[in-house]
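Reading through the structure tokens given below for one structure.
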Amino acid sequence: MRLRRMCPCKASHFQRRPDRTAPPLLCSGLGTKVCMPPGTGLTQRAAHQDDGKPEKDSTIVNLVCSHLQGCQELNTERNRLLSPFEIFFSQNHIRPEFQDGRSIDAAVGCIGSRRFDPRDGFEDLGCPQKSSWWLLSQPFPMIEVIQWRIKLREEDGCQVVDDDGNELYGEREWYTLDNRRLYCLQRAAVALYPKQVRVLVSVVHQEEGSCREFRKFRSVDRGRSIRLGHRDSPDLPRWCWRLEVGLAEEVLPAGSALPRPGRRRDGRGSAGRPARRKNDRDPADSGEDQAWGSHLANASLFVLVYATMRLLFALWRHYSSDERRQSVTSL
Numbered sequence: 001m002r003l004r005r006m007c008p009c010k011a012s013h014f015q016r017r018p019d020r021t022a023p024p025l026l027c028s029g030l031g032t033k034v035c036m037p038p039g040t041g042l043t044q045r046a047a048h049q050d051d052g053k054p055e056k057d058s059t060i061v062n063l064v065c066s067h068l069q070g071c072q073e074l075n076t077e078r079n080r081l082l083s084p085f086e087i088f089f090s091q092n093h094i095r096p097e098f099q100d101g102r103s104i105d106a107a108v109g110c111i112g113s114r115r116f117d118p119r120d121g122f123e124d125l126g127c128p129q130k131s132s133w134w135l136l137s138q139p140f141p142m143i144e145v146i147q148w149r150i151k152l153r154e155e156d157g158c159q160v161v162d163d164d165g166n167e168l169y170g171e172r173e174w175y176t177l178d179n180r181r182l183y184c185l186q187r188a189a190v191a192l193y194p195k196q197v198r199v200l201v202s203v204v205h206q207e208e209g210s211c212r213e214f215r216k217f218r219s220v221d222r223g224r225s226i227r228l229g230h231r232d233s234p235d236l237p238r239w240c241w242r243l244e245v246g247l248a249e250e251v252l253p254a255g256s257a258l259p260r261p262g263r264r265r266d267g268r269g270s271a272g273r274p275a276r277r278k279n280d281r282d283p284a285d286s287g288e289d290q291a292w293g294s295h296l297a298n299a300s301l302f303v304l305v306y307a308t309m310r311l312l313f314a315l316w317r318h319y320s321s322d323e324r325r326q327s328v329t330s331l
């Protein structure tokens, strides 16, 4: 990988699989943005945007500008402009660094932004129509998002069901598997709040997201917050963008059950099984418990029979010895 020497933290590109490798940190050159030390955030940089100095735009900004000018249109089925606050986490916890050891704070420090004026006719892409807005330019590729109805879970991770045992789901919302990247983008958007902020995302459709990784979402508050740190830490700090800007936490609506799919022709299979309640046992666990119970019952029966036989033998010896003593006395 060849690094350009425009900035100490600038690199050419980041390998695609999200969150598994730290994004190469780059300065996109928006406004007068400079790379801030890790942990300083974006407040200083955001205050010095749009000073009129010619700077080189990032690839993301060029893509959006070309689309708005009609030069090269984006595929609105694959790309959208979304607010980082409209995208939710798919996990409860992230580590504070990427796999190669680089801090996510360093990535936050190199996110830039550019101001756009409102334009009509671009609602399909997600551009605000009535006010100016800011486009984030991140030092890593676009995050992937999918519209998903997440399963509702209790604090202990158990799935929430209704009175009839049906699994409850939240509303169809935007979720991502790139949780560390979303955390970085939300921090950048918080620094610009209450301005309208957008980020260019790559849309994954549900038929493409039917693989196991999209079905293993784990979030007890539907992705509204995430904890940052290592799992062995006793107290992990919790990130929630609403709390960061002084708003109350969102009141989440009650979930709803999905229509059950039809049964298979033989009337068997998972499609026809009712959902298990929170305290229901898994069939495999129940079968294992039954096997252990059978072994325990057999062992108890053996001990009982053995003890009974020993007792009978002791009684027989006792009465036999009494009869022998009486015989000797009579002689």
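Residue 1 is where the sequence shown starts when you use the UniProt record's numbering, and the numbers rise one by one after that. Note that the Cβ used here is the ideal one computed from N, Cα and C, for glycine as well. Treat the numbers as computed from the prediction; the structure is a model and nothing was measured.
Put simply, the backbone Cα of glutamate 154 is about 40 angstroms away from that of alanine 299. Across the set Lys195, Lys130, Asp164, the C-alpha of Asp164 shows the shortest separation from the C-alpha of proline 259. In the DSSP assignment, asparagine 62 falls within the unbroken alpha helix (DSSP H) covering 59-68. Judged by their CB atoms, serine 83 and serine 219 are not nearer to each other than the 8 angstroms cut-off. The beta carbon of arginine 198 sits closer than 8 angstroms to those of Leu81, Leu82, Ser83, Gly126, Cys127, Pro128, Trp133, Trp134, Leu135, Leu136, all from its chain and outside the five residues before and after it, given in chain order.
Counting only the Cα atoms, histidine 67 lies some 31 angstroms from arginine 242. Phenylalanine 88 and glycine 70 have their C-alpha atoms some 31 angstroms from each other. Around the beta carbon of glutamine 99, fewer than 16 other beta carbons lie within 10 angstroms, which makes this residue exposed. Per DSSP, the unbroken alpha helix (DSSP H) holding arginine 242 starts and ends at 241-244. The way I'd put it, the segment 104-120 doesn't touch the segment 244-254; fewer than three beta-carbon pairs between them come closer than 8 angstroms. For arginine 325, DSSP assigns no beta-bridge partner whatsoever. By DSSP's assignment, leucine 168 forms a beta bridge with Ala257. When secondary structure is reduced to three states using DSSP, phenylalanine 85 falls in the helix class. Checking the DSSP bridge columns, you'll see threonine 176 partnered with Phe89, Val145. DSSP, read as helix, strand or coil, puts asparagine 79 in strand. Where valine 197 is concerned, the enclosing beta strand (DSSP E) starts and stops at 196-203.
Aspartate 156 and valine 203 have their alpha carbons spaced roughly 31 angstroms apart. Per DSSP, reduced to three states, the secondary structure at isoleucine 104 is helical.
Membership of phenylalanine 116 in the beta strand (DSSP E) is indicated by the continuous run 112-116. Judged by DSSP in its simplified three-state form, serine 320 adopts helix.
Scanning its chain for C-beta atoms nearer than 8 angstroms, with the 5 sequence neighbours on each side dropped, one finds around aspartate 124 the residues Thr76, in chain order. Cβ contact annotation for methionine 142 (same chain, cutoff 6 angstroms, sequence separation greater than five): Leu200, Val201, Ser202, in chain order.
Taken through DSSP and simplified to helix, strand or coil, serine 131 comes out as coil.
The segment 92-111 makes contact with the segment 181-192, as at least three CB pairs between them are under 8 angstroms. Taking the CA atoms as reference points, glutamate 167 sits about 23 angstroms from valine 145.
Residue environment: glycine 121 is assigned as exposed (fewer than 16 neighbouring CB atoms within 10 Å of its CB, all protein chains considered). In the structure shown, the three-state DSSP call for serine 137 is strand.
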